[in-house]
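Encoded as C-alpha cells, the structure appears first; notes follow it.
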Amino acid sequence: MTRRYDIVMVTDARLPGGTSASVAEEIRAQAAAGFRTGLLHVASPLVTLDTAFAPRLRRCVERGEAEVIVGDEPVDTDLVVLRHPRVAAAADPAALPTIRSEHRLLVVNQAPGMPAGPSPDDDQALRYEPAVVAEHLQAWLGGEVAWTPIGPLVRADLARTDPGRAQLDDDWVNVIDVDAWARHRTPGRHRIPVIGRHSRNDPLKWPATREEVLRVYPDGDDVEVHVLGGAPRVRELFDGAPPANWVLRPFGSMPPERFLAGIDVYVYFHHPRLVEAFGRTILEALASGAPTILPAHFAELFGEAATYAGPDEVLGLVHHLHGDAAAYRDASERALEATRQRFGHEVHVARVSRYAEPTGTPARRYAAVRGGGAVTGEATADTGEAATDTGEVTGEAAVDAAATARRVLFVSSNGAGVGHLMRLMALARTAGDDVEPLFLTFSQGARVVDDAGHLVEYLASRSVSGAASRLWHPHLEERVHELIERYDVRAVVFDGTWPYQGLLDAVGQHPGVRLVWSRRAMWKPGVVNDVLATQTARFDLIIEPGEFAEDEDRGETRDHRGQAVRVGPVTYLGPEEVLGRDEARDELGLDPARPAVLVNLGAGNINDAASQLGMVVERLAREPEVQVCVTRSIIADRDTSLPENVRSISVYPLARYLAAFDFAFAASGYNSYHELLLAAVPTAWVPNLDTATDDQAARSRFAERVGVGIDLAEPTPEAVDAAVRRLLDEEARHRMHERAVARRRENGADDAMAAITTLLDRVDGARLTPAQLRAAIDARRAARQGSPTGTGPARTAPSATADTPADTPGP
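Residue numbers (the numbering used here): 184 to 994.
Given below as C-alpha cells:
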C-alpha cells in the first residue's frame with residue numbers, strides 16, 4: 184500500500200528552538216491552504232537524549248495539520264522538504280520508507296563553516312561536508328536535491344565553503360503567523376524601559392565578553408533587562424552574580440509569546456564568530472510588534488522591520504523609544520507590517536505552490552484536542568515512531584481516536600488566586616485518550632491553560648466586568664450553552680465554592696450532559712452556602728479534593744461529606760514529576776553549597792518593611808549565606824533594586840523546582856500548601872486571612888501542630904525572626920522534612936478523573952452513589968497497578984489525627 188501526501192516534511196522532530204518552531208509554522212500554513220502534509224521524523228546526533236517531539240510539532244499532529252509517517256510502506260508526494268543538513272545526513276534509508284517525489288528541497292538552516300564554539304582554539308572544521316550530504320540524499324531519494332539557504336549569511340557561507348554548489352535563487356526564510364503573535368503595545372507603560380531577549384543556552388548566542396554584553400544589555404537603575412534562556416552563559420560571564428536589574432528565566436520556562444508581550448524593546452547581539460543562520464527569535468519579536476534593535480549585518484534579511492545600531496548606540500535608542508510615543512508606535516508598526524510582507528504564512532504558501540497542489544488536509548480534529556494527549560511524539564531512535572503512554576497512536580489512528588473521545592468542559596471561578604483553575608488543570612492532564620478537555624475560566628490566569636495546550640475561553644467575572652447579576656448570569660448561561668453545542672460536551676466540571684446559577688441553568692438545558700462539582704473543603708467556620716442544602720441534587724458527582732489538614736476542618740462541608748467522592752489532595756504534579764535537588768538548583772542557577780529559601784507570599788511590596796512580604800525579605804536578607812528567591816509575580820512592579828542576596832524567580836510550574844529549597848515562607852492556600860508538603864519543604868506558613876471561604880489559618884495551625892511547619896498567623900518582626908532562626912537550624916528542618924515525608928498522600932487527580940470517566944461510561948445516564956463511584960475508582964486503580972480488585976495497595980496514607988503529637992513523626 185502506498186501513502187499519498189502533497190508535501191512531506193523531514194526533520195528531527197525532537198529539536199528544540201527555532202528549527203522545530205519553523206517546521207511547525209510551515210505545517211500550519213500548509214494546512215490552512217489545504218495541503219496534505221506528512222511528517223517524517225529522523226533521529227539525528229543533534230539530539231543526544233531520546234526525548235519527545237517538540238511541543239509545537241506535537242500540537243500540529245494533534246490538531247490534524249500533519250500525519251506522522253511510520254512503518255515501511257512507500258510514500259508518494261509532490262514535494263519533499265528536508266530541514267537541516269546534519270539531520271539529512273543522519274537519515275538511514277534502511278530504516279525509513281521509500282519516498283517517490285517530483286521535487287526535493289534541502290533547507291540549509293546551518294552554515295557549514297559555523298564554528299563549534301566561541302574560543303579561537305575551537306575546531307575550525309566544517310560542521311558538515313555539503314558534498315557528502317548531497318550524495319547521501321540522492322542515494323536515498325533517487326534524484327537531485329535542490330539546496331535553498333535560509334538566509335543571506337548562510338548563502339554566503341555555503342558559497343565560500345562549497346563554491347560549486349548550486350543554490351536556489353530565493354532564500355527559504357522562516358515564516359510566522361503575525362496575527363497570532365501580535366500584541367497591543369503602549370509606549371512608556373513601564374516606569375523604566377524593559378529590554379528583552381530570548382535564545383537557547385549557546386555561548387555563541389551572546390557577545391564574547393562581559394564588557395561587550397554590558398554595552399548592549401546595561402547594568403543600571405534606568406533600565407531592566409529580561410532574559411528568557413541562556414541563563415547559564417550569563418552566570419558564567421558574571422561569575423554567578425548577574426546585574427541586579429536583570430531578570431533571568433530558564434529556557435522553556437514560559438512561552439516566548441508571553442515573554443515578548445511583557446517587554447518594551449527587543450535587543451539581540453551575538454558572538455562575532457557566529458554565522459547566525461536566520462534568527463527565529465528575532466522574527467518572533469518582530470511579529471509580536473516589539474521595536475527591535477539589531478547589529479547592521481541583519482539588515483539584508485530583516486530590512487525595514489528592525490532598527491540597526493552599534494553596541495554603544497543601543498541604550499540611547501532604547502531610551503528614545505521609551506520616551507517618544509510616536510517613535511515607539513512607528514517602530515512597532517514597521518515591525519508588524521514588514522514582518523507580515525516578508526515572513527507571513529502567505530510567503531510560504533506561495534513558494535510551496537510552485538511544486539505541489541493542495542488536495543485537502545488530513546482529517547481535522549476539534550481545536551479542543553490540543554490538550555487531549557492523542558500523540559505525545561515520544562521518539563524512538565531506531566524507527567522515529569510516535570507513541571502515547573498507553574500505546575501507539577499516530578496519523579489517521581490518532582484522528583480515529585479523537586472521533587470517539589468525549590469532550591469535558593472544565594469551568595473554574597476566579598477566586599483569590601489560581602487554585603480552582605490549577606486543580607482542574609491537574610484533572611485534565613490525567614485524562615486518557617478518550618477524553619478531550621476544554622476550559623472556560625473567569626480566572627485571569629487563563630493563559631496558563633493555553634500554554635499547556637488546552638483550548639481555553641476566558642469570561643470576565645462579575646467583579647472584574649462590573650456587570651449586574653441579572654445581566655451576567657444570563658451571559659454565562661448563553662456562553663456555556665454555546666460551548667456545549669459547539670463541542671458536543673458530555674460533562675461539565677466546575678471547581679469553585681458557589682456554583683453559578685447561569686452555569687446550572689445552561690447545563691439544565693442539556694439532560695444528557697453530566698454535571699460535576701469539585702468542591703474544596705476547609706471552609707471558614709460560619710460561612711454558609713445555600714447551594715449545599717438546595718442544589719446538591721443537581722450534580723451527578725461531587726468530588727472533594729483531599730486536605731492534609733482535614734482534622735482542622737470546621738467548615739460547613741463536613742456535614743455534607745457523605746454526598747461526595749473524597750480523593751487525595753489534588754496537585755498539578757506528582758512526586759515522580761518534580762526535579763531532584765541538584766537538578767532543580769542547576770535549573771534555577773542556585774549555588775549547590777549554600778542554603779536557599781523560597782518566599783511565596785502573594786501580594787505585597789518587597790520594599791515596605793511593614794508589609795508581610797517586606798518584613799520577611801528584610802529579615803532573610805540579613806543572612807549573607809542564604810540565597811533568597813522571591814516568586815517573580817510578587818515583585819513585578821518593584822521600584823528599587825533587590826538586596827544583594829535576594830533574587831526573583833519566575834518558573835512554571837513552581838512545584839517542579841521546590842526540591843531546590845531548604846525551607847520556605849509561603850501563604851497557606853490549597854495549592855502552595857499541598858505542593859510544599861508534597862516536596863517536604865519545611866515552611867513558615869503565613870495564612871491569608873482575607874479569603875471569602877478558604878480557612879488558611881486552619882492549615883497553618885495544623886502544620887505547626889504535627890511538626891511539619893511553623894504557624895505565622897501574626898507575622899510580627901519578632902515572630903518572623905524566631906521563624907527564621909528555627910528554619911536555619913538544620914536539625915529542626917530535618918525533623919520537619921521527615922514528618923512531611925511520612926504523611927505524604929497520593930495525588931488525587933487520577934482518582935477524580937476516574938470518577939468522571941466512570942460517569943461518562945454509563946451510557947444509560949443512571950446516577951451512581953458515592954460508594955459505587957468509589958468502588959469503580961478502586962477497580963480502575965487495581966487494573967492500572969496490575970493487581971486484582973480489592974487487593975492492591977491502599978489509596979492513601981492514613982490521615983493525620985488530632986492526637987498526633989507535634990514532636991513525633993506522623994504515621
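The C-beta atom is built at its ideal place from N, Cα and C for all residues, glycine as well.
Here the alpha carbons of Asp873 and Ala906 stand approximately 22 Å from one another. Looking at the backbone, the Cα of His409 and that of Arg283 are separated by about 48 Å. Pairing Gly413 with His373, the inter-Cα distance amounts to about 24 Å.
In this structure, Leu666 keeps its C-beta atom at 8 Å or more from the C-beta atom of Phe677.
Note: Ile667 is not bridge-paired with any residue in the DSSP secondary-structure output. In the structure shown, Gly221 adopts extended strand secondary structure according to DSSP, grouped into three states.
The three-state reading of DSSP puts Ala215 in helix, counting H, G and I together. About 29 Å separates the beta carbon of Ile378 from that of Val530, a gap too long to meet the 8 Å contact definition. Residue range 672-678 is occupied by the beta strand (DSSP E) that includes Arg673.
Restricting attention to Leu288, Pro257, Arg441, the CA atom closest to the CA of Pro276 is found in Pro257. Within its own chain, the residues whose Cβ lies closer than 7 Å to the Cβ of His920, once the five positions on either side in sequence are excluded, are Ala863, Pro865, listed in chain order.
Shown here, Thr522 sits in a helix according to DSSP, grouped into three states. Arg187 counts as exposed, since fewer than 16 other beta carbons sit within 10 angstroms of its beta carbon. The beta carbon of Ser436 sits closer than 6 Å to those of Val834, all from its chain and outside the five residues before and after it, given in chain order. The alpha-carbon of Ser596 is positioned some 36 Å away from that of Arg802.
Taking the CA atoms as reference points, Ser701 sits about 11 Å from Asp723. Taking the CA atoms as reference points, Glu327 sits about 10 Å from Leu289. Linking Ala776 to Leu654 through their CA atoms gives a straight-line distance of about 58 Å. Phe526 places its beta carbon 8 Å or farther from that of Val291.
Boundaries of the alpha helix (DSSP H) around Met798: 795-803.
The beta carbons of Glu727 and Ala747 sit about 4 Å from each other, so the pair counts as a contact at 8 Å.
Inter-residue distance for Ala514 and Tyr400 is about 20 Å (C-alpha atoms, whole angstroms). In summary, Gln293 is buried, with 16 or more beta-carbon neighbours lying within 10 Å of its beta-carbon over all protein chains present. Along the length of the region 673-718, whole beta strand (DSSP E) runs at least 3 residues long occupy 697-701, reported in chain order.
Beyond the five residues adjoining it in sequence on each side, Ser855 comes within less than 7 Å, by CB distance, of Asn783, Ala849 in the same chain, given in chain order.
With a contact defined as Cβ atoms closer than 8 Å, Arg416 and Trp389 qualify at about 5 Å. Under the Cβ criterion (8 Å, minimum of three pairs), the region 762-781 does not count as touching the region 729-749. Here the alpha carbon of His224 sits roughly 18 Å from the alpha carbon of Asp261.
Around the beta-carbon of His367, fewer than 16 other beta-carbon atoms lie within 10 Å, marking it exposed.
Pro415 sits in a helix when the DSSP states are folded into three classes. In chain order, Val361 place their CB closer than 7 Å to the CB of Arg523, counting only its own chain and leaving out the 5 sequence neighbours on each side.
According to the DSSP assignment, Phe485 belongs to no beta strand (DSSP E) but to the alpha helix (DSSP H) extending over 482-485. At a Cβ-Cβ threshold of 8 Å, Tyr840 and Leu911 do not count as neighbours. Comparing C-alpha distances from Leu943 to each of Arg749, Pro335, Glu619, His503 shows the shortest one belongs to Glu619.
Between the region 261-272 and the region 195-208, the count of C-beta pairs closer than 8 Å reaches three or more; the two stretches touch. Burial state of Gln692 is exposed, judged by a 10 Å Cβ sphere holding fewer than 16 other Cβ atoms.
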